[in-house]
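> Numbers -27 to -1, 1 to 310, taken from mature numbering (1 follows the signal peptide of the UniProt record, and there is no 0), label the letters of the sequence shown in order. Here's a structure for you.
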Amino acid sequence: MEPLALPLRTLLVALLLLSWQLKPSAGSAVLISDMTMTMMVELSSRHPFCKMHTDRGDIQRMLLQSDPRRIRQVPRESVVELEEVCRRQGSYGHEFRGGLGFIYPGTKWCGPGTAASSYDDLGPHVREDRCCREHDMCPDVLNVGDCRRGLCNRGTFTRSHCDCDARFRRCLQAANTETANTLGAIFYNVVQVTCFQERSPCSAHQRFEDYFYRSTQCPAEYRQADLYVPPHVDNLLAKILDHGQEQGRALITAPHPLPRFGVKLASVGLAAVNILREVVQRPRLLWDSLHAPVSRDLPPRRPPPPSHQRGYYYERPGRPRTHYNYGYGYDYGYGWR
């Protein structure tokens, strides 16, 4: 049984990516059945991510009615192992911070909940894990089932303020590694997270002394987070977006929207290639990530440093200041921009 453990957990991630890549008309799930069609796991990119089936009649009916591209038949032992992975996944609960359905290999903060034992506990991908940790520690979130400022979160993911999502994007772009760009592509382009922000004219209240009013009194609204594009210009995602913008400028009367579906497909390809590279080159990272205990309760954040020592923006330290201007440039508890 032990040699099968790693490929099966890899299969869970790869098949979820496959379910994102196929057209919606083809169905919404990938079906993993044993050879005798007596056990089957149904994988979906939406919650609930896993469903177990043991009724042979239902299994045969679902297999006959599904797109063949979404069906995989494997040995019974493999289905049993995959079922155990799904049971662990289900133990995370319904509330996820962010949008990944798994802890990314080599990290402890990039995914639902955290595998970290403390605030300083980071995975081998240190730079990327710091970005995810700061995003998880976003001070302004809307938990599942909560209603605040005229906005309710009826989804299955914790929603973050758009400022936190924007900082997370900038942090990944500043790292500009294969792992960082893969995380950005999955989070912003595949999952396509939704954030919330204050409605105008409240969004114009940018001065520090107005922050309490802005964060407690202003009505809020949902907004789809901007797409993620890796910093270097020679990449497929940038070319797709540039092409869409050129068409938008040419058709002034009817602007062409950004081709989100094309970006989504390119992002799935980028994520699949990089995750498989992780599996081949560093299988131990994937093994450790999938076996680490995951909790949705985040470790306590370290106390903030004294005001004269602030100036830390993710990995880019700023100069300590002797005077403070609480107008443009101050990032509300996250340091200087």
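The beta carbon of each residue, even a glycine, is placed where N, CA and C say it ideally should be. From a predicted model like this one, the values you see are computed outputs, not experimental measurements.
Spell out the partners DSSP gives Val117 in its beta bridges.
Against the sequence shown, residue 117 aligns to sequence position 144. For Val117, which the question treats as bridged, DSSP gives no partner whatsoever.
> Go through its chain and collect everything with a Cβ distance to Ser90's Cβ below 8 Å, but skip five positions before and after it.
Here the question's residue 90 lines up with position 117 in the sequence shown. If we look at Ser90 and ignore the five residues flanking it on each side, its Cβ neighbours are Pro272.
> Starting from the Cα of Arg34, find the closest Cα among Pro48, Gln146, Arg49, Met13 and give me that residue.
As a first step, residue 34 is located in the sequence shown; it is residue number 61 there, counting from the start. It is Met13.
> In the DSSP assignment, find the alpha helix (DSSP H) that holds Ile32 and state where it starts and stops.
By 1-based counting over the sequence shown, the position of residue 32 is 59. Note, Ile32: alpha helix (DSSP H), 29 to 38.
> Where Val164 and Leu200 are concerned, what is the direct C-alpha to C-alpha distance, given to the nearest angstrom?
In the sequence shown, residue 164 corresponds to position 191, counting from 1. In the sequence shown, residue 200 corresponds to position 227, counting from 1. So the two alpha carbons sit approximately 10 Å from each other.
> Which first and last residues belong to the beta strand (DSSP E) in which Val3 is found?
Reading the sequence shown from its first residue, position 30 is the one you call residue 3. Note, Val3: beta strand (DSSP E), 2 to 7.
> Can you grab the Cα-Cα spacing for the pair Ser173 / Ala193, in whole Å?
Locating residue 173 in the sequence shown gives position 200, counting from the first residue. Locating residue 193 in the sequence shown gives position 220, counting from the first residue. Spanning the two alpha carbons is a distance of roughly 9 Å.
> Do Gly86 and Tyr77 have their C-beta atoms within less than 8 Å of each other?
For the purposes of this step, residue 86 is taken as the residue at position 113 of the sequence shown. For the purposes of this step, residue 77 is taken as the residue at position 104 of the sequence shown. For Gly86 and Tyr77, no; Cβs fall outside 8 Å.
> Are at least three pairs of beta-carbons, each pair with one atom in the stretch 114 to 122 and one in the stretch 141 to 151, less than 8 Å apart?
Too few Cβ pairs lie closer than 8 Å, so no.
> If we call anything under 8 Å between Cβ atoms a contact, is Thr167 one with Ala198?
Counting from one through the sequence shown, the residue named residue 167 turns up at place 194. Counting from one through the sequence shown, the residue named residue 198 turns up at place 225. Yes, the Cβ-Cβ distance between Thr167 and Ala198 is below 8 Å.
> By DSSP, does Leu124 sit in helix, in strand, or in coil?
Looking up residue 124 in the sequence shown gives position 151. Three-state result, Leu124: strand.
> Alpha carbon to alpha carbon, how far is Asp94 from Ser39? Give it in angstroms, no decimals.
On the sequence shown, residue 39 is found 66 positions in, with the first residue counted as 1. On the sequence shown, residue 94 is found 121 positions in, with the first residue counted as 1. Cα to Cα, Ser39 sits roughly 43 Å from Asp94.
> Provide the residue span of the alpha helix (DSSP H) that contains Gln146, from first to last.
Here residue 146 corresponds to residue number 173 of the sequence shown, with the count starting at 1. Here the alpha helix (DSSP H) through Gln146 covers 135 to 148.
> By Cβ distance, which residues of its chain are closer than 6 Å to Arg106, with the 5 residues on each side in sequence left out?
Counting from one through the sequence shown, the residue named residue 106 turns up at place 133. Excluding positions up to five away in sequence, the list reads Trp82.
> Bridge partners for Cys168 per DSSP, in chain order?
For the purposes of this step, residue 168 is identified with residue 195 of the sequence shown, where counting begins at 1. In DSSP, Cys168 forms a bridge with Arg196.
> For a test of the three-state rule: what should DSSP assign to Cys104, helix, strand or coil?
The residue given as residue 104 occupies position 131 in the sequence shown. Cys104 falls in the helix class under three-state DSSP.
> Reducing DSSP to helix, strand and coil, say where Glu16 ends up.
Counted from its first residue, the sequence shown places residue 16 at position 43. According to the sequence displayed, residue 16 carries Leu and not Glu. Note: Leu16 maps to strand in three-state DSSP.
> Where does Val202 fall in DSSP's three states?
Here the question's residue 202 lines up with position 229 in the sequence shown. If DSSP states are grouped into helix, strand and coil, Val202 belongs with coil.
> Based on the DSSP secondary-structure assignment, which residues constitute the bridge partners of Cys23?
Counting from 1 along the sequence shown, the entry for residue 23 is found at position 50. Per DSSP, Leu16.
> By the 10 Å Cβ neighbour count, where 16 or more other Cβ atoms means buried, how is Cys137 classified, buried or exposed?
Numbered from its first residue, the sequence shown carries residue 137 at position 164. Counting Cβ neighbours within 10 Å, Cys137 comes out buried, since at least 16 surround it.
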